[in-house]
Amino acid sequence: MTSATRSAARPVKPRPSLLVPLGIVVFLLLTAASLSKQLGIGLDAAGLIDDLGRGRPILEQLASPNWSYLPETIGPMIETFQMAVIASIIGCGVALPVSFMASRVTTSGRVGLFVTRWVLNVVRAIPDVLYAMIFVAAVGIGPLPGIMALILFNIGVVAKLLSETVDGVDPGPIEAGRASGANSFQTVRWGVLPQVLPHYVAYSLYTFELNIRASTVLGIVGAGGIGRTLFAQYKLFHWSNVSVAIVELFVLVVAIEAISIWLRRRLV
Amino acid sequence: MTAAATVAGGTPRPARPSQLRRNVALLAVAAIVAWAALTIDVDLSKLLRLVGGLARIFYRMFLEHGPDLTYVQTSLSAMVQSIEIAWVGTIIGAIFSLPVGFFAAKNVSSGAISNGIRVALDAVRAFPEIILAVVIFIPIAGLGPEAGALAIGIHSIGTLGKLTAEVIEGIDPGPVEAVRAAGGTGLQVQRWGVLPQVLPEIVAFWLYRFEINIRASAILGVVGAGGIGFILQQTIAYGRFPKAGTALIVVVVATILVDTASGWVRRRIIEGSQGAQLEALAPTTAADIAA
Amino acid sequence: MIRFENASVTYRGGVHALRNLTLEIPDGEMLVIVGLSGAGKSTLIRAINGLVPITDGDVTVDGQSVRHATPRQLRQLRSKIGMIFQTFNLVNRTSVLNNVLMGRLHTTGTLRSLAGMYKAQDIEIAMQALERVDIVEKAYVRASNLSGGQQQRVGIARALAQQPKIILADEPVASLDPPTSHVVMRDLQRINRELGITTIVNLHFLDLAKVYAQRIVGLRAGELVFDGDAGHADENVFRDIYGRSLTADDVLEAKAASIA
Numbered sequence: 001m002t003s004a005t006r007s008a009a010r011p012v013k014p015r016p017s018l019l020v021p022l023g024i025v026v027f028l029l030l031t032a033a034s035l036s037k038q039l040g041i042g043l044d045a046a047g048l049i050d051d052l053g054r055g056r057p058i059l060e061q062l063a064s065p066n067w068s069y070l071p072e073t074i075g076p077m078i079e080t081f082q083m084a085v086i087a088s089i090i091g092c093g094v095a096l097p098v099s100f101m102a103s104r105v106t107t108s109g110r111v112g113l114f115v116t117r118w119v120l121n122v123v124r125a126i127p128d129v130l131y132a133m134i135f136v137a138a139v140g141i142g143p144l145p146g147i148m149a150l151i152l153f154n155i156g157v158v159a160k161l162l163s164e165t166v167d168g169v170d171p172g173p174i175e176a177g178r179a180s181g182a183n184s185f186q187t188v189r190w191g192v193l194p195q196v197l198p199h200y201v202a203y204s205l206y207t208f209e210l211n212i213r214a215s216t217v218l219g220i221v222g223a224g225g226i227g228r229t230l231f232a233q234y235k236l237f238h239w240s241n242v243s244v245a246i247v248e249l250f251v252l253v254v255a256i257e258a259i260s261i262w263l264r265r266r267l268v
Numbered sequence: 001m002t003a004a005a006t007v008a009g010g011t012p013r014p015a016r017p018s019q020l021r022r023n024v025a026l027l028a029v030a031a032i033v034a035w036a037a038l039t040i041d042v043d044l045s046k047l048l049r050l051v052g053g054l055a056r057i058f059y060r061m062f063l064e065h066g067p068d069l070t071y072v073q074t075s076l077s078a079m080v081q082s083i084e085i086a087w088v089g090t091i092i093g094a095i096f097s098l099p100v101g102f103f104a105a106k107n108v109s110s111g112a113i114s115n116g117i118r119v120a121l122d123a124v125r126a127f128p129e130i131i132l133a134v135v136i137f138i139p140i141a142g143l144g145p146e147a148g149a150l151a152i153g154i155h156s157i158g159t160l161g162k163l164t165a166e167v168i169e170g171i172d173p174g175p176v177e178a179v180r181a182a183g184g185t186g187l188q189v190q191r192w193g194v195l196p197q198v199l200p201e202i203v204a205f206w207l208y209r210f211e212i213n214i215r216a217s218a219i220l221g222v223v224g225a226g227g228i229g230f231i232l233q234q235t236i237a238y239g240r241f242p243k244a245g246t247a248l249i250v251v252v253v254a255t256i257l258v259d260t261a262s263g264w265v266r267r268r269i270i271e272g273s274q275g276a277q278l279e280a281l282a283p284t285t286a287a288d289i290a291a
Numbered sequence: 001m002i003r004f005e006n007a008s009v010t011y012r013g014g015v016h017a018l019r020n021l022t023l024e025i026p027d028g029e030m031l032v033i034v035g036l037s038g039a040g041k042s043t044l045i046r047a048i049n050g051l052v053p054i055t056d057g058d059v060t061v062d063g064q065s066v067r068h069a070t071p072r073q074l075r076q077l078r079s080k081i082g083m084i085f086q087t088f089n090l091v092n093r094t095s096v097l098n099n100v101l102m103g104r105l106h107t108t109g110t111l112r113s114l115a116g117m118y119k120a121q122d123i124e125i126a127m128q129a130l131e132r133v134d135i136v137e138k139a140y141v142r143a144s145n146l147s148g149g150q151q152q153r154v155g156i157a158r159a160l161a162q163q164p165k166i167i168l169a170d171e172p173v174a175s176l177d178p179p180t181s182h183v184v185m186r187d188l189q190r191i192n193r194e195l196g197i198t199t200i201v202n203l204h205f206l207d208l209a210k211v212y213a214q215r216i217v218g219l220r221a222g223e224l225v226f227d228g229d230a231g232h233a234d235e236n237v238f239r240d241i242y243g244r245s246l247t248a249d250d251v252l253e254a255k256a257a258s259i260a
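Following this line, the structure appears as structure tokens:
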């Protein structure tokens, strides 16, 4: 075997894709447009610093919460929690079969798949507050419209996330299930579900946390929970009361996060 | 072992392991759900009214005279403003969350600093954008889109900061070691050892955050922070359903378009960083297996 | 009795995986199929339980046509055929017992199976299957915590739990080291002899084929090129099947030597 005396010719540097510079140009254009006064929102950094002075008295009031207001907030906080729990159970429960219908691994009918995915896209495209507004218009204010809004929001979030997880499962157990004569439901239950269960629990707990935060927002439109209290006080400019509600919300969110970590470890 | 010996004198069957912990957790969850469902102040008869009410609204929005087409212009420009608010907010979030994320990562900065920053991020994340807008930015910047963009921006720093920190904590230490061994400074280690590994995933997070922020900014108009939220509230609360129908369609179509575009870019970025690996992992479809 | 009658399988890209195959496999036989990768071994095996559709001709199992079976008939057919895979195809996150119980799904009502409430009788059958492959002490262990050889034995137990008439094994030992490969092949041979289950195995390693098969079938480019006693399969025969001289890759003991 003769040794090579001439090394291979050096390769030509591949031409860089146009996509990245193009992307950057588009990005800069969009940003400039968004910031400008005519087309966009007119973000003015200097003006903001002036404004800070204006906001001072309010911020000072916010920094000293009116604790005597606390008892009145307990009821709404509990309602927020209840809304989040009920919406999570129903929403995540429905999302499980829907996510199987939206994944090409578990659904073989192309029409069904297409329809499910697009219905999901539309459901996800509507913000939860918009749902709440519509439901409030349909049944009046209270926690019920909030729960319904959260359910739809949950289904959108969890079904999409879970269907993407299902798309990526190991197909081996599915083949084994089919080969043993099991029907589709059984194959999905025993071949797919065990693979995605930890993800499902994580997504559900995540959605629950989102629900807690969201229910404050839904309160603006009258859909129950601590949000209603918060906005009522806001409209009356009772900033010290507002800050009590905010502190409570923060405590609740942190507590929920801790509980959900505990649950995640136990359930899976 | 011969055939005869297996069944009769073989290994004893193991006992079923205790599932106590799991069952306790499940029971606790079930109890909470039952409590919530039973004690909530909801009139179930309203549920029936809900279906009727929804049908009526749907009818008046889309079927009675069709959605109000004269309203498209107004809705569109409001939606564009919402998108711009989300865009600026996401950029603010992205720019600041990158360094913050680095400092919040346990494997980059010391425990005390990273813990402190993590707590701060959690605090910011706990509040939905609309609360931040209402409570901080509208008082400061007044009503209008600036407050909205800032609220979204600050909240995004919280979420993106935490996600960035988690991605950074999950890296392969190999390349980092390599740069250090080659004599790189602290900044160089971050730039060449850490950043190339995490950038695709982080950019994907930024895009996903943008999709979420679109929804948040659509809402912000409800409290006067600019965008289509104001229109939605005015039309729905005052029963102007044909106009509401138009606005609703605009929101849904615009959101889906942004989602699709953003999703496409996200997938290209992730695929670019993983390349052939993804092809090999592509699962078979149900159709292939079901036959 | 499994019967291939001029069976052909052509994939969507135009690949002729199986060409005009005619073959009869009587009950209780231990048959090994050999051939290069891509020769059609996997396709042949999957044609028997319909995992791969037959495009021409037919395959019948005990008189039931596989090609023309309704979904219901196909499921019934598959319940009588147990399958073992090269990559084991176990559900990693769940226990060995739950994996084996998948073999009982075909007799369990849908609602019951969704809730996981198997009948006591089915659990007994699963346990006995585990005992037969000598791994019952791992019944509640998570499948991913087992070694490759142990996982394959669980795969065999899962197939056995179906109480099948036929067992198909698609390269069952390709992912295993030589000693473990022998253990698994011996288990299959024992099951074939003791329970009279028709056993069809795809093998890559020729020495294993010679040792464990009663009958060997050789495939080349989708066609049947050899069909005879294991005793009559010598190096020349294998060279015909493979279309080239044998290399170390084709022999298990060479692998063993290289690892040692």
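Protein chains in written order, with my numbering: chain A, 1 to 268; chain B, 1 to 291; chain C, 1 to 260. Don't be surprised by glycine CBs; every beta carbon is placed ideally from N, CA and C.
For the candidate residues the options, whose alpha-carbon lies nearest to that of residue i?
{"i": "Ala-132(A)", "options": "Ile-269(B), Lys-243(B), Ala-225(B) and Ala-237(B)", "result": "Ala-237(B)"}
{"i": "Thr-80(A)", "options": "Asn-183(A), Pro-143(A), Tyr-234(A) and Ala-202(A)", "result": "Pro-143(A)"}
{"i": "Leu-160(C)", "options": "Ala-126(C), Lys-138(C), Gly-228(C) and Ser-175(C)", "result": "Ala-126(C)"}
{"i": "Gly-146(A)", "options": "Ser-163(A), Pro-198(A) and Met-83(A)", "result": "Met-83(A)"}
{"i": "Gly-221(B)", "options": "Ala-112(B), Leu-38(B) and Pro-145(B)", "result": "Pro-145(B)"}
{"i": "Ala-105(B)", "options": "Val-194(B), Val-179(B) and Arg-13(B)", "result": "Val-194(B)"}
{"i": "Lys-165(C)", "options": "Ser-245(C), Ala-17(C), Leu-77(C) and Thr-22(C)", "result": "Leu-77(C)"}
{"i": "Ala-361(B)", "options": "Arg-267(B), Gln-197(B), Leu-26(B) and Leu-69(B)", "result": "Residue 361(B) falls outside the range modelled here, since chain B spans only 1 to 291, and no answer is possible."}
{"i": "Leu-160(B)", "options": "Thr-90(B), Ser-77(B) and Gln-234(B)", "result": "Thr-90(B)"}
{"i": "Gly-101(B)", "options": "Gly-116(B), Leu-257(B) and Ala-126(B)", "result": "Gly-116(B)"}
{"i": "Val-201(A)", "options": "Leu-20(B), Leu-26(B) and Ile-85(B)", "result": "Leu-26(B)"}
{"i": "Pro-128(B)", "options": "Leu-29(A), Glu-209(A) and Val-26(A)", "result": "Glu-209(A)"}
{"i": "Asp-314(B)", "options": "Asn-211(A), Met-77(A), Ala-137(A) and Thr-216(A)", "result": "This structure cannot speak to residue 314(B), because chain B is shown only from 1 to 291."}
{"i": "Ala-258(A)", "options": "Ile-86(A), Tyr-206(A) and Val-217(A)", "result": "Tyr-206(A)"}
Here's a check: name, in chain order, each residue in its chain whose Cβ is nearer than 6 Å to the Cβ of residue i, leaving out the five neighbours to either side.
{"i": "Arg-12(C)", "result": "none"}
{"i": "Ala-169(C)", "result": "Ile-84 and Val-201"}
{"i": "Lys-46(B)", "result": "none"}
{"i": "Met-148(A)", "result": "Phe-135"}
{"i": "Ile-141(A)", "result": "Gly-222"}
{"i": "Ala-209(C)", "result": "Val-32, Val-34, Leu-203 and Ile-216"}
Enumerate in chain order the residues of its own chain whose CB-to-CB distance from residue i is below 8 Å, with the five nearest sequence positions on each side excluded.
{"i": "Thr-107(A)", "result": "Phe-100, Met-101, Leu-113 and Thr-116"}
{"i": "Gln-214(C)", "result": "Glu-29, Met-30, Leu-31, Asp-229 and Ala-230"}
{"i": "Arg-13(B)", "result": "none"}
{"i": "Phe-88(C)", "result": "Gly-148, Gln-151, Gln-152, Val-154, Gly-155 and Ser-175"}
Report the neighbours of residue i on chain B: residues whose CB is nearer than 7 Å to its CB, in chain order.
{"i": "Glu-137(C)", "result": "Thr-11 and Pro-14"}
{"i": "Tyr-234(A)", "result": "Val-134"}
{"i": "Arg-266(A)", "result": "Arg-21, Arg-22 and Ala-25"}
Under 7 Å Cβ-Cβ, which residues of chain A neighbour residue i?
{"i": "Val-33(B)", "result": "Val-85 and Ile-89"}
Show which residues of chain B have a CB atom less than 9 Å away from the CB atom of residue i.
{"i": "Tyr-140(C)", "result": "Pro-14, Ala-15, Arg-16 and Pro-17"}
{"i": "Met-185(C)", "result": "Those within 9 Å of Met-185(C) in chain B number zero; the least Cβ separation is about 16 Å."}
Under the DSSP definition of a beta bridge, which residues are partnered with residue i?
{"i": "Asn-202(C)", "result": "Ile-33(C) and Asp-170(C)"}
{"i": "Arg-104(C)", "result": "DSSP, once it has assigned bridges, lists no residue as partnering Arg-104(C)."}
{"i": "Glu-223(C)", "result": "Arg-220(C)"}
{"i": "Arg-215(C)", "result": "Leu-31(C) and Asp-229(C)"}
Tell me which residues share the same chain as residue i and place their Cβ nearer than 7 Å to its Cβ, disregarding the 5 neighbours each side in the sequence.
{"i": "Thr-43(C)", "result": "Val-9, Ala-17, Leu-18 and Val-52"}
{"i": "Ala-282(B)", "result": "Low confidence applies here, because Ala-282(B) scores a pLDDT of 40, under 50, leaving its location unreliable and the question unanswered by this model."}
{"i": "Leu-18(A)", "result": "none"}
List the residues of chain C that residue i touches, going by C-beta distances under 7 Å, in chain order.
{"i": "Asn-183(A)", "result": "Arg-75 and Thr-110"}
Along chain C, in chain order, which residues have C-beta atoms closer than 9 Å to that of residue i?
{"i": "Gln-82(A)", "result": "By Cβ distance, chain C contributes nothing, its closest Cβ being about 28 Å from Gln-82(A), past 9 Å."}
Residue i touches chain A at which residues, Cβ-Cβ below 9 Å?
{"i": "His-106(C)", "result": "Ser-180, Gly-181, Ala-182, Asn-183 and Gln-186"}
Given that residue i touches chain A, what residues does it touch there, using C-beta distances under 8 Å?
{"i": "Ala-123(B)", "result": "Phe-250"}
**Prompt:** Can at least three beta-carbon pairs, one atom from the region 196-205 of chain B and one from the region 48-67 of chain B, be found at a separation below 8 Å?
**Reply:** no
**Item:** the region 193-206 of chain A contacting the region 91-98 of chain C, beta-carbon criterion three pairs below 8 Å
**Value:** yes
**Asked** Does the region 238-251 of chain A come close enough to the region 168-175 of chain A that 3 or more CB-CB pairs lie under 8 Å?
**Response** no
**Item:** Validate contact between the region 246-264 of chain A and the region 123-140 of chain B using beta carbons, cut 8 Å, 3 pairs
**Value:** yes
**Message:** Check whether the region 88-100 of chain A and the region 152-166 of chain A are in contact - that is, three or more C-beta pairs closer than 8 Å.
**Reply:** yes
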